[in-house]
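Visitor: Sending over a structure as structure tokens; questions will come in a sec.
Residue numbers (UniProt numbering): 1 to 415.
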């Protein structure tokens, strides 16, 4: 864990009083277009054709009937496109809303760093400062929950079948946490182990520390500063434009790529501050760009200063820290929730941004990660617009390599 900062001399009551004294207005809006400057206009036709091909191949590999993708290349232009149809036959639209899934985790860490900057919490606060009844040993800090290094387990594998059987049932955060604790109690080992329950616990602690709801905190520190008008952390239900589905299994256990169930009605409370946010491609692009390039007042180098391997076999350029993945110069998040697979990355040096959502969650979430990286590799080679200069392409993979990786995780036949 990073070196601890000086602890507050005031107690819990003083921290709560400080939280309640915060001004009701959100931090000033952040211009995610001006830094770095974005060329107006569409990407070159040949680049667009490659991007379309990558999305269509990812849809085929996952059995997705719908998808939305957006790419912003500061020196070359922009591209956003919707693909396919919803289960009701309606065409998918570029401004359709969908579940952000695990991208929510980076947002929860945004709230942590925002509250730390405002003096409400400190990164090394033990979670027991704010959550009564949580095990006191080993000590688990707020920063460890953000970094996913506490050893706390995940609840989704234990609840997946129940979600599919009764998707509209609301879930309380403490219920989700209980299932995570049942999967694995905190170990304090310090290595990265992805934990949805850890981000739920972090959200609960930040609510207690600030005296505000998680939805209010997301609005203040994430959505309002970035003018993400189509995004929210909803309660029991959400009105989603892009329907989420999941391919069914045959009696033999094989994936039936021709048949999918609609899981759009899964309550966002099943994700809370781990995967419950709702967003759009446009909003998520703004978010990824701000996260990677550090545009907000509370963004600091320390958040990503102590990266850890994603797993023991991961290449040295693929790490995780501060609730986000770092892949070469890309910073972002990806993953799946029932019905959706979502990816959002941006280049911290150039501002290149890629976002995509697939509306079938049966395949491994690695499929949407591969899609995001493939879109980035294609976009990084886009020809510069008149008067602009393309930066050197520095990503440690090629579009062709990602094509092969997609084939290795495909659950449905590729064309």
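Positions of the beta carbon are idealized from the N, C-alpha and C atoms, including for glycine.
Quick one: grab the DSSP three-state call for residue 233.
Guide: coil
Visitor: Does residue 166 pass the burial test, meaning 16 or more other C-beta atoms within 10 Å, or should it be called exposed?
Guide: exposed
Visitor: What three-state label does DSSP hand residue 376 in the structure shown?
Guide: helix
Visitor: When the Cα of residue 347 is compared with those of 372, 62, 360 and 357, which residue comes out closest?
Guide: Ranked by how close their Cα comes to the Cα of residue 347, the residues 372, 62, 360 and 357 have 372 in first place.
Visitor: In whole angstroms, give me the CA-to-CA distance for residue 4 and residue 306.
Guide: Residue confidence for residue 4 is low, a pLDDT of 39 falling below 50, so the modelled location carries little weight; the figure read from the coordinates is stated next. Using only the alpha carbons, I get a separation of about 13 Å.
Visitor: Assuming residue 155 and residue 308 are in contact, meaning their beta carbons sit under 8 Å apart, how far apart are those beta carbons, in whole angstroms?
Guide: Residue 155 to residue 308, Cβ: 22 Å. No contact.
Visitor: Just the C-alpha distance for residue 363 and residue 409, rounded to the nearest angstrom, thanks.
Guide: Going from the Cα of residue 363 to the Cα of residue 409 covers about 7 Å.
Visitor: Between which two residues does the alpha helix (DSSP H) holding residue 110 run?
Guide: 103-117
Visitor: Around the Cβ of residue 250, are there at least 16 other Cβ atoms within 10 angstroms (buried) or fewer (exposed)?
Guide: exposed
Visitor: Where do the N-terminal and C-terminal ends of the beta strand (DSSP E) with residue 341 fall, by residue?
Guide: Here the beta strand (DSSP E) through residue 341 covers 340-347.
Visitor: Between residue 55 and residue 356, which are expected to be in contact by the criterion C-beta below 8 Å, what is the C-beta distance as a whole number of angstroms?
Guide: Sure, about 7 Å apart at Cβ, within 8 Å.
Visitor: Tell me whether the beta-carbon of residue 217 lies closer than 8 Å to the beta-carbon of residue 244.
Guide: no
Visitor: Based on the DSSP secondary-structure assignment, which residues constitute the bridge partners of residue 67?
Guide: 83 and 358
Visitor: What residues are listed by DSSP as bridge partners for residue 177?
Guide: Answer is none; residue 177 lacks a bridge partner.
Visitor: Between which residues of its own chain and residue 310 is the CB-CB distance below 8 Å, once the five residues before and five after are set aside?
Guide: Contacts found: 192, 318, 319, 320 and 325.
Visitor: Can you tell which of 312, 44, 87 and 97 has its C-alpha closest to the C-alpha of residue 71?
Guide: 44
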